[in-house]
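J.:
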Amino acid sequence: MAKGMREIKRSIKSKQNTKQITKAMEMVAASKLRRAQEAAVASRPYTDKLREVVASIASGSGNSKHPMLQSRSVKRTAYLVITSDRGLAGGYNANILRKVLMTIRENHQSADEYAVLVIGRKGRDFFKRRNIALADEITGLSDSPKFSDVKQIASAAVKGYEDGVYDELYLAYNEFHNAITQVPVLKRLLPLNQEQMSGAKSDYEYEPSPEDVLSVLLPRYAETLVFSALLEGKASEFGARMTAMGNATKNATKMIADLTLTYNRARQAAITQEIAEIVGGASAQQ
Amino acid sequence: MSTLRLEIVTPERKVYEKDVNMVVVKGVAGELGILPNHIPLVTPLKIAPVKAKIGNNDEFIAVHGGFMEVRKDKVVILAEAAELGSDIDVSRARLAKERAERRLAQKQSDYDAERAELALQRAMNRLDIAGE
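In the order they appear, the protein sequences are chains Z and C.
Using the UniProt record's numbering, count along the first sequence one by one with no gaps and you end on 286.
Using the UniProt record's numbering, count along the second sequence one by one with no gaps and you end on 132.
1. Can you pull out the residues from the segment 26-46 of chain Z whose beta carbon lies closer than 8 Å to at least one beta carbon of chain C?
2. Go to Glu31 of chain C, then tell me how far its alpha helix (DSSP H) extends in each direction, as first and last residue.
3. Can you list, in chain order, the residues of its chain whose CB lies under 8 Å from that of Glu83 of chain C, leaving out five sequence neighbours each side?
4. If you count every other CB in all the chains shown that lies within 10 Å of the CB of Val130 of chain Z, and 16 or more means buried, which is it?
5. Going by DSSP in three states, Gly4 of chain Z sits in which element: helix, strand or coil?
6. Nearest by alpha-carbon distance to Ile8 of chain C: which of C:Asn56, C:Lys72, C:Pro49, C:Pro40 is it?
7. Run through DSSP, which three-state label would Gln70 of chain Z get?
8. What residues from chain Z crowd round Pro49 of chain C, counting only those whose CB sits closer than 9 Å?
9. Can you pull out the residues from the segment 204-233 of chain Z whose beta carbon lies closer than 7 Å to at least one beta carbon of chain C?
10. Listed in chain order, which residues of the segment 138-158 of chain Z have Cβ atoms closer than 8 Å to some Cβ of chain C?
11. Does the beta carbon of Val165 of chain Z come closer than 7 Å to any beta carbon on chain C?
12. With 16 as the cutoff for other CB atoms within 10 Å, does Gln70 of chain Z come out buried or exposed?
13. Threshold first: 4 residues or longer. Then list the alpha helix (DSSP H) segments lying entirely within the segment 129-172 of chain Z, N to C.
14. Does the segment 203-210 of chain Z touch the segment 30-48 of chain C, meaning 3 or more C-beta pairs lie closer than 8 Å?
15. If Lys187 of chain Z sits next to Leu171 of chain Z, beta carbons under 8 Å apart, how far is it from one beta carbon to the other, in whole angstroms?
16. Can you pull out the residues from the segment 82-116 of chain C whose beta carbon lies closer than 9 Å to at least one beta carbon of chain Z?
17. Please tell me whether Glu237 of chain Z and Tyr92 of chain Z are closer than 7 Å, where the distance is taken between their beta carbons.
18. Is it right to say Gln109 of chain Z is buried, meaning 16 or more other beta carbons lie within 10 angstroms of its own, or is it exposed?
19. Considering only residues of the segment 180-266 of chain Z, which uninterrupted beta strand (DSSP E) runs meet the minimum length of 3 residues and lie entirely inside it, listed in chain order?
20. Taking Cβ positions, are Leu6 of chain C and Ala52 of chain C nearer each other than 7 Å?
21. Are Val158 of chain Z and Ala235 of chain Z touching if we call contact CB-CB under 7 Å?
22. Per DSSP, what are the beta-bridge partners of residue 135 of chain C in this structure?
23. What are the residues of the segment 8-38 of chain C that lie near chain Z, defined by any Cβ-Cβ distance shorter than 9 Å?
24. By DSSP, does Arg76 of chain Z sit in helix, in strand, or in coil?
25. When you compare each of Z:Ala282, Z:Ala266, Z:Gly233, Z:Ile8 to Val81 of chain Z by their alpha carbons, which one comes out closest?
26. Can you say whether Ile153 of chain Z is buried or exposed, counting buried as having 16 or more other CB atoms within 10 angstroms of its CB?
27. Exposed or buried, which one is Asn247 of chain Z when buried takes at least 16 other CB atoms within 10 Å?
28. Which stretch, first to last residue, makes up the beta strand (DSSP E) that contains Thr83 of chain Z?
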């Protein structure tokens with residue numbers, strides 16, 4: 001009996017260690033989540049303003065001839081997938097990657113019909129394991145990414161569309177609803193949605209011309225959308241990690257309680273047995 | 001003296017927000033001075049300092065590209081990066097300038113040259129604002 005008890009004791013110790021770690025990770029994720037949310041909010045004025053101006057140019061007069069507003073027949077689709085560098089975030093990466101993989105399998109027969117650009121180590125490793133070539137990748141982003149960090153991959157994707165390498169560009173990321181709900185979404189980034197563009201129209205003068213302004217603004221706008229998706233993805237990552245680690249801590253607590261109960265039972269059984277043996281020994285001597 | 005509100009916004013934050021008397025910028029088609037009650041206007045900007053006149057004082061902000069939206073009583077500048085003089089890392093800008101000059105001197109492919117040219121402009125813009 002004593003041996004079994006020692007094992008239970010060791011197992012309790014190890015669960016306590018795990019619990020400490022998950023608890024710490026939960027708290028770290030909670031504070032990073034707050035910062036990520038603030039960053040997402042801080043980026044909103046820029047995106048909103050850009051959308052407003054783009055919308056007012058695109059809706060005014062017949063200037064929506066710009067290639068980024070026109071859908072063309074699709075020969076090659078690009079997917080820009082936003083994942084995290086680190087795991088232990090529940091279903092965060094698995095959900096989005098499964099969604100992308102299923103879409104690819106459903107819609108494309110050969111590898112020539114799509115290209116994958118990925119942000120985050122988890123996504124990169126996932127596609128590498130499946131022998132899916134990556135057109136571009138970025139890993140090791142900080143927890144509060146800067147616009148310049150994603151500029152390269154975003155403009156590579158947008159330029160690919162402009163040059164006709166891709167005919168469609170999809171953005172896959174986890175949409176942040178609240179700290180416990182994140183929904184994986186696949187959104188079409190390019191060509192830009194015309195309905196979104198029909199905003200309030202205001203009469204501006206454009207210098208040098210509306211077409212020129214639009215051709216400067218549209219790529220910027222698409223890049224900005226990538227950046228705000230990334231910020232949202234970050235917020236989702238910390239939300240997912242916080243929830244996952246919260247659950248892990250709860251489970252560890254429960255296991256420790258169960259094991260402690262078993263341990264105490266075994267201890268009592270051992271004592272009872274000892275007493276019984278002593279009593280038995282004493283009565284045998286009489 | 002009437003004023004207009006100048007806002008400079010980057011994807012990360014709002015860099016500048018003040019009531020000013022006049023804004024002087026360098027647009028792609030030339031230099032522009034915006035006074036209150038200007039006609040609504042949108043124009044892309046060059047990588048250059050933006051000057052904000054408040055009374056008799058001038059404030060300079062390094063704005064790296066982007067574009068400007070003018071309304072009656074408000075000017076919004078959206079740029080991928082913008083810095084006040086006090087936020088500029090002078091030694092970093094100087095290094096960037098040297099690096100860009102070296103690259104330009106080496107005469108690489110067009111694309112690299114273009115990138116180096118832009119980097120050089122940004123660095124000079126920063127140094128300008130920081131008063132170096």
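In this text, a Cβ means the ideal position worked out from N, Cα and C, and glycines have one as well.
Since we're looking at a predicted model, the values are computed, not measured.
T.: Straight from the coordinates:
1. Ala39, Ala42, Ser43, Pro45, Tyr46
2. Here Glu31 of chain C belongs to no alpha helix (DSSP H); instead the beta strand (DSSP E) covers 30-34.
3. Val15, Ile61, Ala62, Arg126, Ile129
4. Reading off the sequence shown, one finds Arg at residue 130 of chain Z, where the question assumed Val. Looking at its Cβ environment, which holds fewer than 16 other Cβ atoms inside 10 Å, Arg130 of chain Z is exposed.
5. helix
6. C:Pro49
7. coil
8. Ordered by position in chain Z, no residue passes the 9 Å Cβ test against Pro49 of chain C, which lies about 19 Å from the chain.
9. Tyr204, Glu205, Tyr206, Glu207, Pro208, Val213, Val216, Leu217, Thr224, Phe227
10. Lys146, Phe147, Ser148, Lys151
11. no
12. exposed
13. 147-162
14. yes
15. 5 Å
16. none
17. yes
18. exposed
19. 181-190
20. yes
21. no
22. Missing from the structure shown is residue 135 of chain C; chain C here goes from 1 to 132 and no further.
23. Val9, Thr10, Pro11, Glu12, Arg13, Lys14, Gly27, Val28, Ala29, Gly30, Leu32
24. coil
25. Z:Gly233
26. buried
27. exposed
28. Premise fails: Thr83 of chain Z is in no beta strand (DSSP E) and is neither H nor E.
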